[in-house]
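Working notes for the structure below.
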Amino acid sequence: MLLQFTVNGKAREADIEPDARLIDVLRDHLDLTGTKEGCGEGECGACTVIMDGVAVNACLVPGMQARGREVLTVEGLERDGELDPLQKAFIREGAIQCGYCSPGMLMSSKALLMRNLHPSEAEIRLAIAGNLCRCTGYTKIVKAVQAVAQDGGVGRA
Amino acid sequence: MPSFAYQAPATLDALAGCLRGADAGTFLLGGGTDLIIRLRDRGITRGTLLDLTRVEGLDRVDVADDAITIGANVTYAQVADHPFLQDRLPCLAQMASQVGSAQIRNMARLPGNIANASPGGDAVPALIALDAVVLVLDGSGMTTVRRVDEVVTGIGRTTLRPGEAIIGVRIPRPGPHQRSAFGKIGMGARTRVVIANVSLTLVLEVDPAQGRIRDARVVLGSAAPVAFHARTAEALLEGRRPDPALAGDLAGTLRAEVKASIREIAIFQHKLNDIQGLALDLFAQLFPGAQ
Numbered sequence: 017m018l019l020q021f022t023v024n025g026k027a028r029e030a031d032i033e034p035d036a037r038l039i040d041v042l043r044d045h046l047d048l049t050g051t052k053e054g055c056g057e058g059e060c061g062a063c064t065v066i067m068d069g070v071a072v073n074a075c076l077v078p079g080m081q082a083r084g085r086e087v088l089t090v091e092g093l094e095r096d097g098e099l100d101p102l103q104k105a106f107i108r109e110g111a112i113q114c115g116y117c118s119p120g121m122l123m124s125s126k127a128l129l130m131r132n133l134h135p136s137e138a139e140i141r142l143a144i145a146g147n148l149c150r151c152t153g154y155t156k157i158v159k160a161v162q163a164v165a166q167d168g169g170v171g172r173a
Numbered sequence: 030m031p032s033f034a035y036q037a038p039a040t041l042d043a044l045a046g047c048l049r050g051a052d053a054g055t056f057l058l059g060g061g062t063d064l065i066i067r068l069r070d071r072g073i074t075r076g077t078l079l080d081l082t083r084v085e086g087l088d089r090v091d092v093a094d095d096a097i098t099i100g101a102n103v104t105y106a107q108v109a110d111h112p113f114l115q116d117r118l119p120c121l122a123q124m125a126s127q128v129g130s131a132q133i134r135n136m137a138r139l140p141g142n143i144a145n146a147s148p149g150g151d152a153v154p155a156l157i158a159l160d161a162v163v164l165v166l167d168g169s170g171m172t173t174v175r176r177v178d179e180v181v182t183g184i185g186r187t188t189l190r191p192g193e194a195i196i197g198v199r200i201p202r203p204g205p206h207q208r209s210a211f212g213k214i215g216m217g218a219r220t221r222v223v224i225a226n227v228s229l230t231l232v233l234e235v236d237p238a239q240g241r242i243r244d245a246r247v248v249l250g251s252a253a254p255v256a257f258h259a260r261t262a263e264a265l266l267e268g269r270r271p272d273p274a275l276a277g278d279l280a281g282t283l284r285a286e287v288k289a290s291i292r293e294i295a296i297f298q299h300k301l302n303d304i305q306g307l308a309l310d311l312f313a314q315l316f317p318g319a320q
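Same order as they appear, the protein sequences are chains A and B. Every letter in the first sequence is one number past the one before it in my numbering, and letter 47, counting from 1, is 63. Every letter in the second sequence is one number past the one before it in my numbering, and letter 177, counting from 1, is 206.
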């Protein structure tokens, strides 16, 4: 079936099976392998992308449900070769270790900041409650999001 | 190569047309958070995916004088964030805010919880406590109204037939003196994103002149195959003033209800302490001055 939708600001299309998941479309059809599959059942959040402004698990979204929608993946965060302030903060704060959860963590955090520029620590923790990290203990991830929240998303160099 | 057919009707009429052709291989698709996992777990590779999410008009919460109708495509996130529901049906908004993760709440919807009939589902007990009814569309285009506890009859069992689809739920409009709360204690190490070990919904009507509870609905979730009214707790609360002694009595009564339900099954014994704590928490939330 023909799926037409917007990915990272660009109109894209793919010929997919009706039961293909959004993560399959992104990774296998569009070569956007930044989005990771962890558990495949909505527990770990590694596959988190933003669809029409909200965070979703790409492993649970049928690809056809993205028809006509806008999907933002981790590849879409950078602008003109420059990383998003959130990505810079993750690097600066040491919020990345093995990195497998990072794309999902970034997209859950980005979805939060898109509707709440100054979230509290509790709001940050709630927003990433569906994202598991087995390395960092979350503290540095929360700090990274807080750093961006404090300077209003502008981000330090 | 076997494959799925995919249908995404845009109107209720078109949906009814699809339902007329439905058979045992037709899978109703809402937010997909249960169905996608189930298809993969069971290795199901053929059939028809009937996607309800494009049906117009089912993405609204309609607040009318007599009832609130929540369309089948309203997500848990939208229920949790809805100002009227937060204000007047707090147990429903609280329940929705605790379903899964943000990612799940952005896709999942109430009908899935009803149609999947998981004993750990959070929506079913809250909806039973609120006397909600389910709006069911069939292939003839007729919509019938059924009580939630008529639809959900066992673990994974419902009275829904192939060719029927839930298009919404309807809740009687709460009176001005209704208070409600939902809480759950989950399994595992996480404090969020948990499946309920036991859940409690309290929907109470408080007489403003006398300060007494005049109508009580108390529903236990995850304490039996299907959520149920804790009748002894309801009888206990009716006519009583909300004082600290009553909070303790409620906790004890609910413990006894859960104990009778789970009998001697060892792995369920922790539900006994859980329900007592939940009862005290929710009582304190509903009657902050009564502590």
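All residues carry an ideal CB built from backbone N, CA and C; glycine is no exception.
In its own chain, which residues sit with a C-beta less than 6 Å from the C-beta of residue i, not counting the 5 before and 5 after it?
{"i": "A:Ile140", "result": "Val158 and Val161"}
{"i": "A:Ala163", "result": "Ala105"}
{"i": "A:Thr22", "result": "Glu86"}
{"i": "B:Thr230", "result": "Cys120, Pro154, Ala155, Ala158, Phe211 and Val248"}
Is there a Cβ of chain B sitting closer than 7 Å to that of residue i, yes or no?
{"i": "A:Gly79", "result": "no"}
{"i": "A:Met64", "result": "Met is not the amino acid found at residue 64 of chain A; the sequence shown has Thr there. Answer yes: the Cβ-Cβ gap between A:Thr64 and chain B drops below 7 Å somewhere."}
{"i": "A:Pro135", "result": "no"}
{"i": "A:Arg172", "result": "The predicted model places A:Arg172 with a pLDDT of 46, which falls under 50 and marks its position as unreliable; any figure quoted below should be read in that light. Cβ-Cβ to chain B under 7 Å: no for A:Arg172."}
{"i": "A:Asp35", "result": "yes"}
{"i": "A:Val72", "result": "yes"}
{"i": "A:Gly202", "result": "A query on residue 202 of chain A cannot be resolved here, the shown segment of chain A reaching from 17 to 173 and no further."}
DSSP three-state call for residue i: helix, strand or coil?
{"i": "B:Ala34", "result": "strand"}
{"i": "B:Gly76", "result": "strand"}
{"i": "A:Arg172", "result": "Here the model assigns A:Arg172 a pLDDT of 46, short of 50, so the residue's position is not dependable and the matter cannot be decided."}
{"i": "A:Asn132", "result": "coil"}
{"i": "A:Leu20", "result": "Per the sequence shown, the amino acid found at residue 20 of chain A is Gln instead of Leu. Looking at A:Gln20 - three-state DSSP - the assignment turns out to be strand."}
{"i": "B:Thr173", "result": "strand"}
{"i": "A:Ala145", "result": "coil"}
{"i": "B:Gln314", "result": "helix"}
{"i": "B:Pro273", "result": "helix"}
{"i": "B:Lys300", "result": "helix"}
{"i": "B:Thr55", "result": "strand"}
{"i": "B:Ala253", "result": "coil"}
{"i": "B:His258", "result": "strand"}
{"i": "B:Gln123", "result": "helix"}
{"i": "B:Met216", "result": "coil"}
{"i": "B:Ile242", "result": "strand"}
{"i": "A:Val158", "result": "helix"}
{"i": "B:Glu193", "result": "strand"}
{"i": "A:Ile39", "result": "helix"}
{"i": "B:Ile291", "result": "helix"}
How would you call residue i, buried or exposed, if buried means at least 16 neighbouring beta carbons within 10 angstroms?
{"i": "A:Pro119", "result": "buried"}
{"i": "A:Asp167", "result": "exposed"}
{"i": "A:Leu18", "result": "exposed"}
{"i": "B:Met124", "result": "buried"}
{"i": "B:Asp116", "result": "exposed"}
{"i": "B:Ile111", "result": "It should be noted that the sequence gives His, not Ile, for residue 111 of chain B. With 16 or more Cβ atoms within 10 Å of its Cβ, B:His111 is classed as buried."}
{"i": "B:Pro205", "result": "exposed"}
{"i": "A:Gly153", "result": "exposed"}
{"i": "B:Glu293", "result": "exposed"}
{"i": "B:Ile97", "result": "buried"}
{"i": "A:Ala173", "result": "Unreliable positioning characterises A:Ala173 in this predicted model, as indicated by a pLDDT of 40, which lies under 50. The coordinate reading is nonetheless provided below. Its Cβ having fewer than 16 others within 10 Å, A:Ala173 is exposed."}
What residues in its chain sit with their C-beta under 8 Å from that of residue i, if we drop five residues either side in the sequence?
{"i": "B:Thr104", "result": "Gly60, Arg134, Asn135, Met136, Ala137 and Arg138"}
{"i": "B:Leu348", "result": "Residue 348 of chain B lies beyond the stretch modelled for chain B, which goes from 30 to 320, so this question has no answer here."}
{"i": "B:Ser130", "result": "Arg221 and Val222"}
{"i": "B:Arg175", "result": "Val162, Val163, Val165 and Thr188"}
{"i": "A:Val41", "result": "Leu19, Ala30, Ile32, Gly79 and Ala82"}
Consider the Cβ of residue i: report whether some Cβ of chain A lies at a distance smaller than 7 Å.
{"i": "B:Tyr105", "result": "no"}
{"i": "B:Asn324", "result": "Because chain B spans 30 through 320 in this model, residue 324 of chain B falls outside it and cannot be assessed."}
{"i": "B:Gln127", "result": "no"}
{"i": "B:Asp81", "result": "A small fix is needed here, since residue 81 of chain B is Leu in this sequence, not Asp. No, B:Leu81 does not count as interfacial toward chain A."}
{"i": "B:Arg222", "result": "Sequence check: residue 222 of chain B is Val here, not Arg. For B:Val222, the answer is yes, since a Cβ of chain A falls inside 7 Å of its Cβ."}
{"i": "B:Asn145", "result": "no"}
{"i": "B:Met136", "result": "yes"}
{"i": "B:Phe33", "result": "yes"}
{"i": "B:Thr55", "result": "no"}
{"i": "B:Ala39", "result": "no"}
{"i": "B:Gly212", "result": "no"}
{"i": "B:Ala109", "result": "no"}
{"i": "B:Ile196", "result": "no"}
{"i": "B:Leu44", "result": "no"}
Looking only at its chain, what residues have a beta carbon closer than 7 Å to the beta carbon of residue i, apart from the 5 residues adjacent to it on each side?
{"i": "B:Pro140", "result": "Gly59, Ala101 and Ile195"}
{"i": "A:Met80", "result": "Met17, Leu19 and Pro34"}
{"i": "A:Gly69", "result": "Met130"}
{"i": "B:Val180", "result": "Ile143, Val163, Thr187, Thr188 and Leu189"}
{"i": "B:Leu64", "result": "Phe56 and Leu58"}
With respect to 6 Å, is the separation between the Cβ of residue i and the closest non-hydrogen atom of the ligand NAD below this value?
{"i": "B:Leu121", "result": "Among the components of this structure there are no ligands whatsoever, and the ligand NAD is therefore not found."}
Extract the residue ranges of the alpha helix (DSSP H) inside the segment 126-160 of chain B, only unbroken runs of 4 or more that lie entirely within it. Correct list: 131-134, 139-145 and 152-158.
Continuous beta strand (DSSP E) assignments of at least 3 residues falling wholly in the segment 48-89 of chain A: Uninterrupted beta strand (DSSP E) stretches at least 3 residues long and entirely within the segment 48-89 of chain A occur at 64-67, 70-73 and 86-88, given in chain order.
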